[in-house]
Amino acid sequence: MKIISVKVTANSKNPRIEIISDRDEKGREFYKIYVRAQAAEGKANQELIRSFAEYFDIPKSKIEIIKGLTSKEKVLQIQI
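Using the numbering used here, the first residue of the sequence shown is number 44, and each one after it goes up by one.
Written as structure tokens, this is what we have:
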């Protein structure tokens with residue numbers, strides 16, 4: 044199991060995932076993700092999960108947002 048921190052930018056014209064070299068205050072890997080979806084009705088969260096599933100080549104069901112469901116800063120649990 045892997046725990047990562049993520050900062051989300053919704054409504055982006057250029058969707059992508061960036062690995063940030065710094066770790067968060069708890070030592071977790073830190074990523075920035077830019078998604079096309081707007082931050083409404085969970086659409087950005089759905090795209091975030093879809094994007095990370097593709098990035099790590101795992102099923103979407105293996106990724107869970109464990110903190111920050113309605114925030115730009117999130118913590119994900121990934122079962123690898």
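Built from N, CA and C at the ideal position, the CB exists for glycine as well.
Item: State buried or exposed for N88, treating a residue as buried only when at least 16 other CB atoms are found within 10 Å of its CB.; Value: buried
Item: Output the distance between the C-alpha atoms of S40 and F95, rounded to the nearest integer angstrom.; Value: The chain is shown only over 44 to 123; residue 40 falls outside these bounds and no answer can be derived.
Item: Taking Cβ to Cβ, would you say I62 is nearer than 8 Å to V118?; Value: no
Item: CB S48 to CB Y77, shorter than 8 Å?; Value: no
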